[in-house]
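One structure is given here, and the rest of the page talks about it.
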Amino acid sequence: MSLYIAGLITFFCVQVHSIVVVVVVKVIIIIIIIIIKIVVVVVVVVVVVVVVVVVVVVTVVVVIAIVVVVMIEAVLILAVAVVAIVVIVLIVVVVVVVVVIVVVVVVVVVVVILVVVVVVVMVVVVVIEVILVVVLVVVVVVVVVVVVVVVVVVVVVAVVLVVVEALVAVAAAATWLPPQFILIFSKSSSSSSSSSSSSSSSSSSKSCSSSSSSSRSSSSSSNSSSNSCSIRIVIVVVIVVVLEVIVIVVVVVVVVVVVVVVVVVVVVVVVVVDLVLVVVIILVVVVRRGWVMVVDQHSAFLEYKDVC
1 MSLYIAGLIT FFCVQVHSIV VVVVVKVIII IIIIIIKIVV VVVVVVVVVV
51 VVVVVVVVTV VVVIAIVVVV MIEAVLILAV AVVAIVVIVL IVVVVVVVVV
101 IVVVVVVVVV VVILVVVVVV VMVVVVVIEV ILVVVLVVVV VVVVVVVVVV
151 VVVVVVVAVV LVVVEALVAV AAAATWLPPQ FILIFSKSSS SSSSSSSSSS
201 SSSSSKSCSS SSSSSRSSSS SSNSSSNSCS IRIVIVVVIV VVLEVIVIVV
251 VVVVVVVVVV VVVVVVVVVV VVVDLVLVVV IILVVVVRRG WVMVVDQHSA
301 FLEYKDVC
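At position 289 of the sequence shown (counting the first as 1) the number is 289 in my numbering, and the numbers step up by one without a gap.
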């Protein structure tokens, strides 16, 4: 009987020790996983902030370059207007001195030269603007690629952490001692009792069989309870893993959508403003050139009429 009690005490001590060791190991692993998750989240936030700052800086630089180009266009247009005024004054002086036909030829040549110069300047400006837009698009593509790579790395790390946590939880749920230890202790106690009392063999064998049957029933009940507990733990772990995966996917989708929308809006606004400015400048130049030509022709006609 003392060996039976000692076996039971040893069994419970071993079981409690194994459960405590498993719980401590699981707690340590979960703390390490939580620290890794916090570090990953901080790295993701820093990378996203750096990417947003780079996008803002590049956008500001491109906008400043476009503003400088527009100012250069305005200066060139003013220079062309001044040259046109000077040409008009010269035309008036020449019309007074020389014959109307020579004046008309000179005016036509000067107007053609001015138109060619304006067209060349406009082509150069348009080429510069196209280069700026291409640079902006390349920067945007690089930023999107960096964001996608960072998001993929974060998803992979998070999935690995979730799998490790699930394996740790399943291992903790499966570390119950097998019920055969109870049968071993019951057999050892029955053999010791039969060797000590050999005179009453029939009664000791009956008591041994009854103790083994009771130990089997207790082991089956403990096995069923441990199985039910393990099933519950596995179900809880699966639910937690699914929720973590859903949260990770939602965060990744929101970050990618926000970055893409911001980049697309910035590019569209810059391109639309640039195109509107170019169209307005071209219309102003064309209208002014047409008006100058009409005025020149009318003045030349009046001078020719006065001479005649």
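The beta-carbon is built from N, C-alpha and C at its ideal position, and this holds for glycine as well.
In angstroms with no decimal places, state the Cα-to-Cα distance between residue i and residue j.
i             : j              : result
valine 55     : valine 155     : 23 Å
isoleucine 5  : isoleucine 35  : 45 Å
glutamine 180 : cysteine 13    : Low per-residue confidence applies at glutamine 180: pLDDT is 44, beneath 50, and the placement is therefore not dependable, though the value from the model is reported in the following sentence. Each residue's Cα considered, the two are about 16 Å apart.
valine 119    : glutamate 73   : 12 Å
leucine 90    : valine 124     : 29 Å
valine 272    : valine 96      : 48 Å
valine 116    : valine 94      : 23 Å
leucine 8     : valine 46      : 57 Å
valine 249    : valine 242     : 11 Å
valine 42     : valine 48      : 10 Å
valine 57     : valine 108     : 48 Å
valine 20     : isoleucine 30  : 15 Å
serine 209    : leucine 3      : In this predicted model, serine 209 has a pLDDT of only 44, less than 50, meaning its place in the structure is not dependable; the value taken from the coordinates is given anyway. Taking the straight line from one Cα to the other gives about 17 Å.
valine 101    : valine 266     : Checking the displayed sequence, the identity of residue 101 turns out to be isoleucine instead of valine. So the two alpha carbons sit approximately 55 Å from each other.
valine 127    : valine 280     : 17 Å
valine 105    : valine 112     : 11 Å
serine 218    : threonine 10   : Note that serine 218 scores 48 on pLDDT, short of 50, meaning its location in the model is unreliable and no value can be drawn from it.
valine 149    : isoleucine 239 : 28 Å
lysine 37     : valine 22      : 22 Å
valine 253    : valine 276     : 34 Å
valine 25     : valine 247     : 27 Å
isoleucine 33 : valine 145     : 28 Å
valine 163    : isoleucine 28  : 16 Å
valine 44     : alanine 84     : 59 Å
leucine 283   : methionine 71  : 17 Å
Considering only C-alpha positions, which residue in the set the options is nearest to residue i?
i          : options                       : result
valine 269 : Val102, Val135, Val120, Thr59 : Thr59
valine 262 : Val40, Val53, Ile34, Ile36    : Val53
valine 153 : Val20, Thr10, Ile29, Val40    : Val40
valine 138 : Ile101, Val264, Val157        : Val264
valine 143 : Ile31, Val259, Val93, Leu8    : Val259
valine 256 : Ala79, Val141, Ile101         : Val141
valine 245 : Val280, Val157, Leu283        : Val157
valine 251 : Val151, Met71, Val23          : Val151
Rounded C-beta distance between residue i and residue j? I'm assuming under 8 Å.
i             : j           : result
valine 160    : valine 51   : Rounded, the Cβ-Cβ distance is 24 Å, inconsistent with contact.
valine 63     : valine 135  : Contact doesn't hold; Cβ gap of about 12 Å is too wide.
glutamate 129 : valine 69   : 6 Å
isoleucine 66 : leucine 132 : 6 Å
valine 87     : valine 110  : 5 Å
leucine 114   : valine 82   : With 8 Å as the limit, leucine 114 and valine 82 do not qualify as a contact, their Cβ atoms being about 11 Å apart.
Closer than 8 Å, CB to CB, is residue i near chain D or not?
i          : result
valine 144 : Structure shown: chain D not included; a single protein chain is present.
At a threshold of 7 Å, does residue i count as lining the ligand HEM (C-beta to nearest heavy atom)?
i          : result
alanine 65 : Absent from the structure shown: the ligand HEM. Ligands present: none.
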